[in-house]
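Enquirer: Submitted below is the structure of interest, expressed as structure tokens.
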Amino acid sequence: MNQVCVAKFGGTSVANYAAMCNCVKIVTSNLDTKLVVLSASAGITNLLVELASGTLDEASIEERMGKICNIEFSILDDLGRPAEITAEIEKLIHEIRDLAKHAIIEHDDALTDRIVSYGEIMSTKIFTEVLKSKGYNAKWFDVRSVMRTNNQFGKATPIIEVLSNTAKELLTPLLDDYIVVTQGFIGSNAIGQTTTLGRGGSDYSAALLGEAIGNCKAIQIWTDVPGIYTTDPRLVKEAHVIPEITFSEAAEMATFGAKVLHPATIFPAVRRNIPVFVGSSKDPESGGTWVRSQTNTKPTFRAVALRRDQILLTLKSPNMIGACGFLANIFSIFAKYGISVDLITTSEVSVAITLDHTGSQSSGQSVLSDRLLAELKSICSVRVTEGLALIALIGNGMSQVSGTGAAVFSSIMNVNIRMICYGASSHNLCFLVDQSQAEQAIAELHHHLLEGNPQNIR
Ligand code: ADP
Ligand code: ASP
Ligand code: MG
């Protein structure tokens with residue numbers, strides 16, 4: 001097989017027929033692009049999550065179904081309502097309605113994933129048809145036949161070895177003859193039940209598939225912005241596109257809130273050293289960002305990211321003084337509930353921890369359950385503080401030069417810092433602030449550290 005590119009398009013890129021046509025142009029203008037990975041059309045996953053909740057009455061179900069039909073059938077209308085695909089989408093719509101009604105009676109996480117997966121199934125069916133209608137040799141592929149995951153519905157972990165073997169057997173051979181269109185975000189467990197990888201997981205799917213097919217030249221993430229910016233362009237209008245960034249920095253950005261990439265996306269790319277390109281599907285000519293193992297520039301400050309809705313847990317126990325094993329006990333409780341601990345600082349008798357919400361459950365469930373809190377309270381006192389935001393400065397060699405802390409904190413003299421983490425990686429410095437001060441802090445940090453000539457502390 002020749003080297004191929006994988007192209008992933010997010011929800012806004014497949015929101016309607018015109019947007020899908022832009023994607024077709026991008027795919028077909030590069031003969032190496034053989035595998036297309038899609039999200040659900042914009043808005044669909046949120047509606048499906050509501051339908052899966054089991055909390056809607058029949059009228060509310062119909063209202064949500066109406067919205068889904070509007071989105072899907074308006075694309076089909078523009079496509080000229082071809083009979084076969086229209087009938088297929090009608091059948092899928094009926095299935096969603098039946099499953100949503102079933103969720104009222106008997107709700108569980110497996111059913112939620114099954115319902116939520118329909119968004120990607122529909123977008124890929126329709127996009128394959130759009131490609132075919134324009135004369136291209138396209139094939140729909142059910143990613144669940146290769147994307148094997150564990151049983152953690154809502155945030156399933158892919159089993160890389162199975163994916164690698166089955167993809168080479170079932171998917172790679174198709175790439176010689178077809179443009180293959182498949183689903184991001186979804187997978188299936190060992191007994192064939194549908195699972196999902198967590199919200200925003202399609203980026204991760206694309207990278208995993210790029211790794212699994214072998215001989216992947218680039219993973220392209222086409223979205224609604226022309227690249228990775230110095231900060232979320234919705235927050236700071238002076239934010240600018242970063243032309244190239246290292247895997248390490250991009251991984252930190254994604255982990256600390258830059259929604260443009262799912263946090264796990266970079267790992268498969270790093271394992272196979274596959275460059276990742278991020279660009280705008282609306283405006284592909286406007287360039288984008290290349291994420292690679294090495295870059296020509298390595299500024300001290302490259303970007304600033306924001307993660308909202310952080311939970312800070314302060315755990316306090318006199319047993320911590322000079323004791324061994326207290327932290328191990330706490331972490332084993334988090335592990336038992338499948339919760340990823342994020343930042344951590346300790347004092348003599350207390351430990352402060354933030355919990356990671358990003359890439360959270362597809363159903364949007366809170367990570368903090370009553371059972372978890374009760375178990376923690378059996379060994380220490382627990383204080384929960386909500387309404388916080390995590391700000392991360394991302395760059396290079398930050399902990400290896402004098403003045404990083406001064407440059408960062410003198411930029412935000414009026415902001416109350418609640419917790420700081422620094423030194424574990426030379427690529428980031430992060431801290432918690434009250435949510436009400438977060439945007440101001442981002443704007444000031446961006447202004448002082450990322451506008452004009454990128455500031456290097458050397
Ligand atoms: P898609 O549906 O294509 O996956 P997302 O909404 O998940 O798109 O991600 C794109 C959005 O990420 C942008 O519209 C932007 O608001 C947001 N974003 C946050 N931080 C950044 C950043 N540093 N650079 C670019 N976009 C960012
Ligand atoms: N459709 C899913 C979501 O909205 C996955 C994705 O878009 O990446 O979260
Ligand atoms: Mg996304």
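Each residue of the sequence shown is one higher than the last, beginning at 1 in our numbering. Note that the Cβ used here is the ideal one computed from N, Cα and C, for glycine as well. Given the structure is predicted, the values throughout are model-derived calculations rather than measurements.
1. Taking one C-beta from the stretch 370 to 381 and one from the stretch 406 to 426 each time, how about it: are there three or more such pairs within less than 8 Å?
2. Mark Tyr-204 as exposed unless 16 or more other C-beta atoms lie within 10 angstroms of its C-beta, in which case mark it buried.
3. Helix, strand or coil: which one does DSSP assign to Met-253?
4. For Lys-8, count neighbouring C-beta atoms within 10 Å of its own C-beta (all shown protein chains included) and say buried if the count is 16 or more, exposed if not.
5. Curious, which full-length beta strand (DSSP E) runs of at least 3 residues does the stretch 115 to 153 contain?
6. On a CA-only basis, which of Thr-128, Val-304, Leu-197 and Ser-426 is nearest Cys-23? Give me that one, please.
7. For the alpha helix (DSSP H) holding Thr-86, just list the boundary residues, first then last.
8. Does DSSP put Asp-177 in a helix, in a strand, or in coil?
9. Who are the Cβ neighbours of Gln-437 in its own chain at under 6 Å, not counting the five residues just before and after it?
10. CB of Asp-57 to nearest heavy atom of ligand 3: below 7 Å?
11. Closer than 7 Å: is that where the CB of Ala-18 sits relative to any heavy atom of ligand 1?
12. Looking only at C-alpha atoms, which of Val-6, Met-1 and Asn-2 sits nearest to Gly-274?
13. Which residues in the same chain have their Cβ closer than 6 Å to the Cβ of Thr-358, if we skip the five residues on either side of it in sequence?
14. Compute the beta-carbon to beta-carbon distance between His-240 and Thr-230, rounded to the nearest angstrom, for a pair I have assumed lies under 8 Å.
15. Ligand 1 and Gly-198: does the residue's C-beta get closer than 7 Å to at least one heavy atom of that ligand?
16. Pair every Cβ in the stretch 237 to 253 with every Cβ in the stretch 176 to 192, then say whether three or more of these pairs are closer than 8 Å.
17. Which stretch, first to last residue, makes up the beta strand (DSSP E) that contains Glu-386?
18. Have a look at Lys-466 and Gly-43 and give me their C-alpha separation to the nearest angstrom.
19. What do you get for Val-180, buried or exposed, if any count of 16 or more other CB atoms within 10 angstroms of its CB means buried?
20. Distance check for Glu-50 and Ala-59, CA to CA, integer angstroms please.
21. For Phe-247, which of Asn-215, Arg-234, Thr-295 and Pro-233 has the nearest alpha-carbon?
22. Could you pull out every residue in the same chain whose Cβ sits closer than 7 Å to the Cβ of Trp-140, ignoring the five residues on either side in sequence?
23. What is the rounded straight-line gap between the Cα of Gly-10 and the Cα of Leu-209?
24. Beta-carbon separation of Glu-244 and Thr-289 under 8 Å?
25. From Leu-463 to Ile-417, what distance separates their C-alpha atoms?
26. In chain order, what residues of the same chain have a beta carbon less than 6 Å from the beta carbon of Ile-266, not counting five sequence neighbours either side?
27. Quick check on DSSP: helix, strand or coil for Met-413?
Expert: Reading it off the structure:
1. no
2. Classification for Tyr-204: buried.
3. helix
4. buried
5. 138 to 141
6. Thr-128
7. Run containing Thr-86: 83 to 105, per the alpha helix (DSSP H) assignment.
8. coil
9. Closer than 6 Å at Cβ, skipping near neighbours: Val-415.
10. Placement of the Cβ of Asp-57 at a distance of 7 Å or more from every heavy atom of ligand 3 is found.
11. no
12. It should be noted that the sequence gives Ile, not Gly, for residue 274. That would be Val-6, whose Cα lies nearest to the Cα of Ile-274.
13. With a pLDDT of 49 at Thr-358, under the threshold of 50, the modelled position of that residue is not reliable, and no figure is offered here.
14. 6 Å
15. no
16. no
17. 381 to 394
18. Summary: the structure shown does not reach residue 466, with the chain confined to residues 1 through 458, and so no result is reported for it.
19. buried
20. 13 Å
21. Thr-295
22. Thr-124, Lys-125, Thr-128 and Val-181
23. Between Gly-10 and Leu-209, the C-alpha separation is close to 16 Å.
24. yes
25. Only positions 1 to 458 of the chain appear in the structure, and residue 463 is not among them; the question remains open.
26. Phe-247, Ala-250 and Ala-251
27. The three-state reading of DSSP puts Met-413 in coil, since its state is none of H, G, I, E or B.
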